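For this note's numbering, add 2 to where a residue sits in the sequence shown, where the first one is 1.
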Amino acid sequence: MAKRDETPLMRQYDKIKSQYPNVILLFRVGDFYETFYDDAKLVSESLGIVLTKRSNGAAADVPLAGFPHHSLETYIAKLVKRGFRVAVCDQMEDPKFARGIVKREITDIITPGVNFNDRLLDEKRNNYLCALHFQKERDGERVGVAFIDVTTAEFQLAESSLL
């Protein structure tokens, strides 16, 4: 069915999800984080939680999998350790005072490659981020390298000429 047949909540979800198509979108609805459509199927299978469905107005029901908001860190850790990229979409206003649909925004994006969450980092291993910079000069090319271990906050910086 057409988008206009969807509920306002699902239209809002679709709009936000279209901006972040390659992540699992954890969408805060009241006291729960909910996932829909293919995300719901992935989350249900990966986390072993129930796959159900949500009414979507005159449009077809949509697959739904969710969990209580207080379990967010636990489930993010499990998803990221399984290689998924996750975006957290929070309610930006109290639903009691919202006029119309509650305002929601992405508040965090967590990936296996870039994360600073203490619950996701292995404290017994180094967790490095690295940056390289190449610069052409008259006498050749130079490279600068910087890296940080986000577990210990050790920072190193170096530069050199390239042959």
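We treat Cβ as the ideally placed atom computed from N, Cα and C, and that holds for glycine.
Quick caveat: nothing in here was measured; it's all calculated off a predicted structure.
Residue i - DSSP class collapsed to helix/strand/coil
| i | result |
| --- | --- |
| L81 | helix |
| D96 | coil |
| K138 | strand |
| A42 | helix |
| V31 | strand |
| T109 | strand |
| R56 | strand |
Per-residue burial, residue i [other beta carbons within 10 Å of its own, 16 or more giving buried]
| i | result |
| --- | --- |
| G146 | exposed |
| V52 | exposed |
| M12 | buried |
Same chain, Cβ closer than 8 Å to residue i, neighbours up to 5 away in sequence not counted
| i | result |
| --- | --- |
| R101 | none |
Chain-order list of residues whose beta-carbon lies under 6 Å from that of residue i (same chain, five-residue window excluded)
| i | result |
| --- | --- |
| A133 | A148 |
| R56 | V64, L66 |
| Y22 | A89 |
From the options, residue whose alpha carbon lies closest to that of residue i
| i | options | result |
| --- | --- | --- |
| H71 | V52, L53, C91 | C91 |
| H50 | G68, F38, Y35 | The question names His, yet the displayed sequence has Gly at residue 50. Of G68, F38, Y35, the residue nearest in Cα terms is G68. |
Heavy atom of the ligand ZN within 7 Å of residue i beta-carbon
| i | result |
| --- | --- |
| T37 | Only the bare structure without any ligand can be found here, which leaves the ligand ZN out of the picture. |
Fill in: At least 3 beta-carbon pairs within less than 8 Å: the segment 43–55 vs the segment 7–15
no
Worksheet item: Does the segment 77–85 come within contact of the segment 95–107, defined as at least 3 CB pairs closer than 8 Å?
Response: no
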